[in-house]
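Have a look at the structure below before the remarks.
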Amino acid sequence: SLNVVFAPHVQQEHSLTECMAWCLLTSPVRTLQLCSALCAGHNKWSKVKHVKGPKDEARGKMFMKFGMMIKIAVKEGGANPELNINLAHILEQCRSKNMPKASIDAAIKSAAKPASQHMFEARGPGGCLLLIEVLTDNNSRTHQEIKRLLTKNGGMLSDGARHNFQRRGVVVVPGQNITTEKALELAIEAGAEDVQETEDEEEKPLLQFLCDMANLNKVRAFLKEMGMEIMSAGLEFVPRVHTLLDQDHLDAASTLIEALNDYPDVVRVWDNIQTDS
């Protein structure tokens, strides 16, 4: 059966009874489930105060991370985006952010240089779990620096965190003017497994459609055909279980993740954090 999850804004307060509802479709094997606010994929960092750096610096850092994502995608599936779906989606994101073509081409070419991809498993403030994806030409140096950053900011390396995440296809579209019923309907018709409500950095509503990795192109194509603006589409590590953090632990986790992301060898940091709003 298909279990479609819709997560409401965490800012809204609902009782468990109000949050849980079952709707049967005409197909006897399909069930829709609306779950409690604990499933919400809202912008958990909205309450964390950040000191914004210069826009040019932030833009440069974003392009650097995109370059690393391109290298990993090429190493995993080759340099032809027509044959490498993950690379195709990353390149689409790069272009949507106006990354210079010369930088994209340079990243694809440099994928041939010696560098290894690693995933560090860690535990952060409040017991949250982290996956730290790195691309490095010096494993020992990177391992020591990741360990130092974790220790300095209330975290530690912790085997087993990877088991709490599963790699899934994620397609993100704007969430304005889309009702709960419409989101569920789109998810089922697109072949997605879950749909979650979330927010961007400016707290604008977004919808995340989660699917099996093999169905990513199909889900993306259907949503685009339905007139949805595709903001991003790609493979992500999605937590199976979330760790609930209070404000103090959330602030500490934000500081840790920011420190990790500032380290040049780090590509992305995945977490299972949920706030207690």
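Residue numbers (the UniProt record's numbering): 1 to 277. We treat Cβ as the ideally placed atom computed from N, Cα and C, and that holds for glycine.
Residue nearest to residue i in terms of C-alpha spacing, selected from the options
{"i": "Ala259", "options": "Lys224, Gln274 and Thr151", "result": "Thr151"}
{"i": "Leu186", "options": "Ser232, Ile257, Lys218 and Lys65", "result": "Lys218"}
{"i": "Ile257", "options": "Glu203, Leu130 and Leu206", "result": "Leu130"}
{"i": "Met228", "options": "Asp246, Val171 and Ser254", "result": "Val171"}
{"i": "Lys153", "options": "Lys101, Leu250 and Ile230", "result": "One detail in the question is off: residue 153 reads as Asn in this sequence, not Lys. Of Lys101, Leu250 and Ile230, the residue nearest in Cα terms is Leu250."}
{"i": "Ala221", "options": "Lys182, Ala190, Thr179 and Gln208", "result": "Ala190"}
{"i": "Pro125", "options": "Asp248, Pro239, Ile146 and Pro114", "result": "Asp248"}
{"i": "Leu210", "options": "Lys182, Asn86 and Asp194", "result": "Asp194"}
{"i": "Asn164", "options": "Val269, Glu82, Phe237 and Ile230", "result": "Phe237"}
Beta-carbon contacts of residue i that lie in its chain and below 6 Å, excluding the five residues immediately before and after
{"i": "Thr142", "result": "Val134, Thr136 and Asp265"}
{"i": "Gln93", "result": "Ser232"}
{"i": "Leu216", "result": "Gly169"}
Any C-beta of chain C under 9 Å from that of residue i
{"i": "Cys94", "result": "Considering every chain present, this structure includes no chain C. It has just one protein chain."}
Nonlocal neighbours in the same chain, by C-beta distance under 7 Å from residue i, ignoring five residues either side
{"i": "Lys75", "result": "Ala111 and Gln117"}
{"i": "Ser103", "result": "Phe63 and Gly67"}
{"i": "Arg162", "result": "Met119, Glu121 and Leu131"}
{"i": "Met156", "result": "Ala122, Arg123 and Leu150"}
{"i": "residue 361", "result": "Residue coverage of the chain in this structure runs from 1 to 277, which leaves residue 361 outside it and unanswerable."}
{"i": "Cys128", "result": "Thr243, Leu245, Ala253, Asp271, Asn272 and Ile273"}
{"i": "Asn84", "result": "Ala73, Gly77 and Gly78"}
Cβ-based burial, residue i [other Cβ within 10 Å; buried from 16]
{"i": "Gly234", "result": "buried"}
{"i": "Met226", "result": "exposed"}
{"i": "Asp271", "result": "buried"}
{"i": "Met99", "result": "buried"}
{"i": "Lys97", "result": "exposed"}
{"i": "Arg123", "result": "buried"}
{"i": "Asp159", "result": "exposed"}
{"i": "Phe6", "result": "With a pLDDT of only 37 at Phe6, under the threshold of 50, the placement of this residue in the model should not be trusted; the figure read from the coordinates follows. When all chains shown are included, Phe6 counts as buried."}
{"i": "Asp262", "result": "exposed"}
{"i": "Gln144", "result": "exposed"}
{"i": "Ala107", "result": "buried"}
{"i": "Val241", "result": "exposed"}
{"i": "Asp105", "result": "exposed"}
{"i": "Thr275", "result": "buried"}
Terminal residues of the beta strand (DSSP E) in which residue i lies
{"i": "residue 292", "result": "The structure shown does not extend to residue 292, since the chain is modelled only from 1 through 277, so no value can be given for it."}
{"i": "Ser116", "result": "Ser116 to Arg123"}
{"i": "Gln208", "result": "Pro205 to Cys211"}
Delimiting residues of the alpha helix (DSSP H) encompassing residue i
{"i": "Arg141", "result": "Asn139 to Lys152"}
{"i": "Ser254", "result": "Gln247 to Asp262"}
Chain-order list of residues whose beta-carbon lies under 8 Å from that of residue i (same chain, five-residue window excluded)
{"i": "Asn139", "result": "Ser116 and His118"}
{"i": "Ile90", "result": "Phe66, Met69, Ile70, Ala73 and Gly234"}
If you pair each beta-carbon of the stretch 190–208 with each one of the stretch 168–177, do three or more pairs fall below 8 Å? Cβ pair count under 8 Å is three or more, so yes.
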